[in-house]
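**Student:**
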Amino acid sequence: IGLRGAGKSSLGLMLADELDLPFIELTREVERLAGCGLDEIHSLLGAGAYRRYERRALEEVIEQCPRAVIATPGGIVSDPTTFNLLLSQCFTVWIKASAQEHMQRVMAQGDLRPMAGNREAMADLRRILEGRAALYARADLQIDTTDRTLEEAFTLLREGLRDALGPEDEG
């Protein structure tokens with residue numbers, strides 16, 4: 015769990031490859047269920063419909079892939095029912111970074127929307143992080159990727175999982 019730009023997809027894919035498990039981007043499952051992209055879901059159907067698709071996608075993934083690495087959307091913590099399902103059924107890791115790194119990484123991926131015409135983008139991002147921090151902190155493990163290379167962050171993730179789960183339960 016965590017905000018976009020923290021490293022959920024990159025680290026999740028690396029972990030899934032190492033453990034020989036499926037890697038699932040929950041956002042893609044939401045789009046598949048809705049039959050359209052995220053922008054269309056939000057603009058045509060609204061946030062409530064998006065959250066319903068998100069919950070249904072998580073339920074299906076948990077049922078169909080009991081052992082998988084799942085990258086969740088940053089806002090999954092916004093719906094208590096869905097977030098509690100995630101916490102109760104999955105070992106969760108908060109992949110976190112500073113607000114500055116989140117913004118830099120998203121922009122490096124070519125997405126300039128956060129800054130486009132919004133002088134308050136960084137302040138908004140900080141508010142989102144602060145507002146969700148207590149929820150994200152409910153994760154079983156926290157990995158801070160701030161000022162770390164992908165390889166360094168992955169080493170922290172592996173070590174954290176080994177410490178939390180033991181060497182035989184990492185999958």
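Each residue of the sequence shown is one higher than the one before, counting from 15 in our numbering. Every residue, glycine too, gets a C-beta built ideally from N, C-alpha and C.
1. I believe E115 touches G19 by the beta-carbon criterion, under 8 Å. Please report the beta-carbon distance rounded to the nearest angstrom.
2. Measure the alpha-carbon distance for L52 versus L179 and round it to whole angstroms.
3. Does C79 come within less than 9 Å of chain B when only Cβ atoms are used?
4. Between the C-alpha atoms of T96 and T106, what's the straight-line distance to the nearest angstrom?
5. Starting from A61 and walking both ways along the alpha helix (DSSP H), at which residues does that stretch end?
6. May I ask which residues mark the beginning and end of the alpha helix (DSSP H) holding L139?
7. Going by the DSSP bridge assignment, what does D158 pair with across the sheet?
**Tutor:** Checking against the coordinates, here is how it stands:
1. Cβ atoms of E115 and G19 come within 8 Å of each other, at about 7 Å.
2. Rounded to whole angstroms, the gap between the alpha carbons of L52 and L179 is 34 Å.
3. Within the model displayed, chain B is absent; a lone protein chain is all it includes.
4. Distance between the alpha carbons of T96 and T106 is about 13 Å.
5. Note, A61: alpha helix (DSSP H), 61 to 78.
6. Per DSSP, L139 is one residue of the alpha helix (DSSP H) stretching across 135 to 150.
7. Paired residues: K110.
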